[in-house]
Amino acid sequence: MIDPKDSLIEYPCDFPLKIFGATQPDFAQAIAKVVQAHAPDFDSATIEMRSSSNAKYLSLTCTIRATSREQLDNLYRDLTAHPMVKMVL
Numbered sequence: 472m473i474d475p476k477d478s479l480i481e482y483p484c485d486f487p488l489k490i491f492g493a494t495q496p497d498f499a500q501a502i503a504k505v506v507q508a509h510a511p512d513f514d515s516a517t518i519e520m521r522s523s524s525n526a527k528y529l530s531l532t533c534t535i536r537a538t539s540r541e542q543l544d545n546l547y548r549d550l551t552a553h554p555m556v557k558m559v560l
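Using this note's numbering, the first residue of the sequence shown is number 472, and each one after it goes up by one.
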């Protein structure tokens, strides 16, 4: 178990996640489902989207209300394991 005092983040806080993947239909909806599984109060209407210059890739910024390090760790794990996701920052 990680001691909350070891974290540089004070919870709860707004925490932006940047998720990258190939441009494809339903990418944003699939990512929103994963995020909402860990942050039920996340509003998918707040997702910021940006295409790469050649429109081959799409980046999504999802800002959640993070409540714990465990929540963020689990969310990162699920996002990075998702077949549509190339990278999560």
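Heads up, the beta-carbon is just placed ideally off N, CA and C, and yes, glycines get one too.
All values derive from a computational prediction rather than experimental measurement.
Asked                                                                                             : Found
Span of the beta strand (DSSP E), counted from its first residue to its last, around D485         : C484 to A493
Residue environment, L479, which counts as buried when at least 16 other CB atoms sit within 10 Å : exposed
N-terminal and C-terminal residue of the alpha helix (DSSP H) that A516 is part of                : No alpha helix (DSSP H) holds A516; DSSP gives it neither H nor E.
For C533 and S515, the rounded distance between their alpha carbons                               : 8 Å
Exposed unless 16 or more other CB atoms sit within 10 angstroms - verdict on A537                : buried
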